[in-house]
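In the working numbering, the protein residues as written are 55 to 201. Structure record follows, encoded as structure tokens.
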Amino acid sequence: MFSLFRENIRIALDSIKSQLLRTILTIIIIGIGIWALVGILSAVKALENTISSDFASMGANTFNIQRYEFTVNSNRGGEKRKVNPIISYDNIREFMDVYQYPYTQVSVSFRGTSGAEVKFESEKTDPEVQVYGVNENYLESTGTKVD
55 MFSLFRENIR IALDSIKSQL LRTILTIIII GIGIWALVGI LSAVKALENT
105 ISSDFASMGA NTFNIQRYEF TVNSNRGGEK RKVNPIISYD NIREFMDVYQ
155 YPYTQVSVSF RGTSGAEVKF ESEKTDPEVQ VYGVNENYLE STGTKVD
């Protein structure tokens, strides 16, 4: 068995010596192909990371769903103010279940009050604290840092 293996190795080496140019060209072409594949995959991953970070820093990957606009409307012209339906917790859960795409997350927040005094044991804050109820994605999506 060992002599058969040794004979096969000798035939292979003789073939390489007799076809040296073909062997070298084949090795070079295989090397270039592997190098190109690794380079393309690295470039695609780098572009993906760059685009994701650029969009995240611009805030272009977020949108808000809320009951009313941020603007304050005065009611001077006798216009009736449109009463939008309340967004319930069930609506939010349904949206979170349906809206599941790669590289996305749903952030939920609710302002409980804008003039509260927060107490813990013997400590308390000024009576002008805004109290929010949020989920685990809120801090990341708003860029809020917690010390």
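Don't be surprised by glycine CBs; every beta carbon is placed ideally from N, CA and C. Keep in mind it's a predicted model, so treat the numbers as computed, not measured.
Exposure of residue i, with buried meaning 16 or more beta-carbon neighbours within 10 Å
i: residue 195; result: buried
From the options, residue whose alpha carbon lies closest to that of residue i
i: residue 141; options: 121, 159, 150; result: 121
i: residue 164; options: 81, 152, 146; result: 146
i: residue 143; options: 189, 155, 102, 137; result: 189
i: residue 102; options: 167, 156, 177, 197; result: 156
Cβ pair residue i, residue j closer than 8 Å
i: residue 186; j: residue 161; result: no
i: residue 171; j: residue 179; result: yes
i: residue 70; j: residue 77; result: yes
Neighbourhood of residue i by C-beta distance below 7 Å, restricted to the same chain and skipping five residues each side
i: residue 169; result: 181, 182
Own chain partners of residue i with C-beta closer than 8 Å, once the 5 adjacent residues on each side are dropped
i: residue 200; result: 193
Cutoff 6 Å; reference residue i; Cβ partners in own chain excluding five residues on either side
i: residue 98; result: none
Closer than 7 Å: residue i CB and nearest the ligand SAM heavy atom
i: residue 147; result: You won't find the ligand SAM in this model; it holds no ligand whatsoever.
- Task: Please list the segments of the alpha helix (DSSP H) lying wholly inside the stretch 56-93, counting only runs of 4 or more residues, in order along the chain.
- Result: 56-72
- Counting only runs that start and end within the stretch 161-201, where is the beta strand (DSSP E) found for 3 or more residues in a row? 163-170, 183-188
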